[in-house]
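Novice: In my numbering, the protein residues as written are 254 to 567. Using N, Cα and C, we set each Cβ at its ideal position, and we do this for glycine too. First the structure, which I've put down as structure tokens, then a few questions once you've had a look.
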Amino acid sequence: METRSNHVLVGTVVLGIVVAALLFIVWMAQIGGGHQNKYDVFFPNSVEGLAKGSAVTFSGVPVGKIDEIRLLPDNPSNVRVRISVDDTTPILQGTTASIAGVGFTGVSQVNLRGAIKGAPPIAALGPFGVPVIPVKAGGLGALLASAPQLLDKLTTLTDRLSGLLDDRNQNSIHHILANIDLVSSALAARGGDIQQTMRNANRAIAQAGDAAEKIGRLADTSNRLLDQQGRPLVAQLQQTVAAARHSAEQIDDLVAKAKPGVVQLTTQTAPEVDRLVRDLSEMADALTQTANRLNTAGAGGVLGGGRLPDYKGK
């Protein structure tokens, strides 16, 4: 009974020591790795030279290491590299990752660059539960990454060139070149005429320019003549029109004033004058008759009574 109790006590002490050792190891591991942040980098091309434990640098300063390298299950051409970086490293918006070789050893490392001062940190979680640092485009890696697309485009271009240069198109191109040769020969044969035509065209253009210049000078002269003589004439014409308007207004006023006299002359004076004329005419007739009587019968004819006949005795 006593021996069993000793074994239990010894076992309990040993188990406690083991648990304490494990807790100490875990605590030390947390102390050693608790000041690091994890990030994923997705490289679209080969990561040859990288390995688990390879260094991670920021602007050439060691700041961490590679924890894991895995192919993406749905896209094996891309490689996921998980890195651990000191939490004092400024992994900010604008930071990019690239692969760089270390000397001539064939070993590579992950380089981080491009943090923008004042930018927020990269904190958005990626598809695997940690933030993602984008890959820097350019250089040999970018060229290798774009090589498949370039090959596809070169293949497409080759196919199109092959279709363009088939037998039928080659025949058409041959005829086109032959026609161009004929046109060139004809132009060369008419070179003198073409030169003469060009000279005539240049002469015509020069004459047209001279004519345009003369027309411009004539227009300027006409404008000056209108300014110097036309404006006084217009002023005189305006004065004449104003005087004629004033005269017309005076005539209208005179007619308006003479209208009552004309009406009186027509209705009263004219009949009286007519009556006076008739009286004067009658008086003239009477005087004429009296004069005739004086001429023929003397005063007696005028005073009345007949003339006694002369008495003759027997």
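Does the beta-carbon distance from Ile322 to Val332 come in below 8 angstroms?
Specialist: If you number the sequence shown from 1, residue 322 lands on position 69. If you number the sequence shown from 1, residue 332 lands on position 79. Yes, Cβ-Cβ distance for Ile322 and Val332 is below 8 angstroms.
Novice: Where do the N-terminal and C-terminal ends of the beta strand (DSSP E) with Arg335 fall, by residue?
Specialist: To locate residue 335, count along the sequence shown from 1; it is residue 82. First-last of the beta strand (DSSP E) with Arg335: Asn328 to Asp339.
Novice: Quick check: Ala372 and Ser361, are their CB atoms within less than 8 angstroms of each other?
Specialist: In the sequence shown, counting from the first residue as 1, residue 372 sits at position 119. In the sequence shown, counting from the first residue as 1, residue 361 sits at position 108. Their beta carbons are not under 8 angstroms apart, which means Ala372 does not touch Ser361 by this criterion.
Novice: Would you identify the three-state DSSP class for Thr348, choosing helix, strand or coil?
Specialist: Here residue 348 refers to the residue found at position 95 when the sequence shown is read from its first residue. Coil at Thr348, not helix or strand.
Novice: Give me the Cα-Cα distance between Ala439 and Leu471, rounded to the nearest whole angstrom.
Specialist: Within the sequence shown, numbered from 1, the residue matching residue 439 stands at position 186. Within the sequence shown, numbered from 1, the residue matching residue 471 stands at position 218. Roughly 46 angstroms between the two C-alpha positions.
Novice: Classify Ser307 as helix, strand or coil using the three-state DSSP reduction.
Specialist: Position 54 of the sequence shown holds residue 307. Correct three-state label for Ser307: coil.
Novice: What ranges does the beta strand (DSSP E) occupy inside the segment 358-393, keeping only unbroken runs of at least 3 residues that lie completely in it?
Specialist: 360-366
Novice: Compare the beta carbon distance of Leu365 and Val300 with 8 angstroms and say whether it is the shorter of the two.
Specialist: Position 112 of the sequence shown holds residue 365. Position 47 of the sequence shown holds residue 300. Result no, Cβ atoms of Leu365 and Val300 do not sit closer than 8 angstroms.
Novice: Alpha carbon to alpha carbon, how far is Asp420 from His427?
Specialist: Here residue 420 refers to the residue found at position 167 when the sequence shown is read from its first residue. Here residue 427 refers to the residue found at position 174 when the sequence shown is read from its first residue. When rounded, the distance between both Cα atoms is 10 angstroms.
Novice: Please tell me whether Tyr292 and Ile344 are closer than 8 angstroms, where the distance is taken between their beta carbons.
Specialist: On the sequence shown, position 39 is the one that residue 292 refers to. On the sequence shown, position 91 is the one that residue 344 refers to. Yes, they are a contact pair.
Novice: Which class does Glu535 belong to by DSSP, given the choice of helix, strand or coil?
Specialist: As a position in the sequence shown, residue 535 is number 282, starting the count at 1. DSSP places Glu535 in helix when its eight states are reduced to three.
Novice: Among residues of its own chain, excluding the 5 on either side of Gly285, which ones have a beta-carbon nearer than 6 angstroms to its beta-carbon?
Specialist: Stepping through the sequence shown from its first residue, residue 285 is reached at position 32. The predicted position of Gly285 is uncertain, since its pLDDT is 49 and thus under 50; a value taken from the coordinates is nonetheless stated next. Closer than 6 angstroms at the Cβ level, and outside the excluded window around Gly285, lies no residue.
Novice: Whole angstroms is fine: what's the gap from Ala398's alpha carbon to Val294's?
Specialist: Translated into the one-based positions of the sequence shown, residue 398 becomes position 145. Translated into the one-based positions of the sequence shown, residue 294 becomes position 41. Here Ala398 scores only 49 on pLDDT, less than 50, and its place in the model should not be relied on; the value that follows carries that caveat. C-alpha separation (whole angstroms): 15 angstroms.
Novice: Looking at the secondary structure, which residues open and close the alpha helix (DSSP H) in which Asn298 lies?
Specialist: Within the sequence shown, the letter at position 45 stands for residue 298. Premise fails: Asn298 is in no alpha helix (DSSP H) and is neither H nor E.
Novice: Just to confirm my understanding: we take Pro374, look at its own chain, exclude 5 residues before and 5 after, and list those with CB closer than 7 angstroms. What are they?
Specialist: Taking the first residue of the sequence shown as 1, we reach residue 374 at position 121. Correct list, in chain order: Ile344 and Leu345.
Novice: Could you pull out every residue in the same chain whose Cβ sits closer than 6 angstroms to the Cβ of Thr342, ignoring the five residues on either side in sequence?
Specialist: Looking up residue 342 in the sequence shown gives position 89. Answer for Thr342: Phe311 and Val316, listed in chain order.
Novice: Start and end of the beta strand (DSSP E) containing Asp320?
Specialist: As a working note, residue 320 is residue 67 in the sequence shown. Counting along the chain, the beta strand (DSSP E) containing Asp320 begins and ends at Val314 to Leu325.
Novice: With distances taken Cα to Cα, identify the nearest neighbour of Val334 among Gly356, Val355 and Pro297.
Specialist: To locate residue 334, count along the sequence shown from 1; it is residue 81. Minimum Cα distance to Val334 is reached at Pro297.
Novice: How is Asp356 classed by DSSP in three states: helix, strand or coil?
Specialist: Counted from its first residue, the sequence shown places residue 356 at position 103. It is worth fixing the name first, because residue 356 is Gly in this sequence and not Asp. Residue state, collapsed to three classes: coil.
Novice: Would you mind sorting Thr348 into buried or exposed? The rule is 16 or more other CB atoms within 10 Å of its CB.
Specialist: Counting from 1 along the sequence shown, the entry for residue 348 is found at position 95. Result: buried.
Novice: Going by the CB atoms, is the gap between Ala377 and Pro384 shorter than 8 angstroms?
Specialist: Taking the sequence shown and counting its residues from 1, one reaches residue 384 at position 131. Taking the sequence shown and counting its residues from 1, one reaches residue 377 at position 124. In this structure, Ala377 lies closer than 8 angstroms to Pro384 by Cβ.
Novice: Going by the DSSP bridge assignment, what does Gln289 pair with across the sheet?
Specialist: Start at 1 with the first residue of the sequence shown, and residue 289 comes out as number 36. BP columns for Gln289 point to Asp339.
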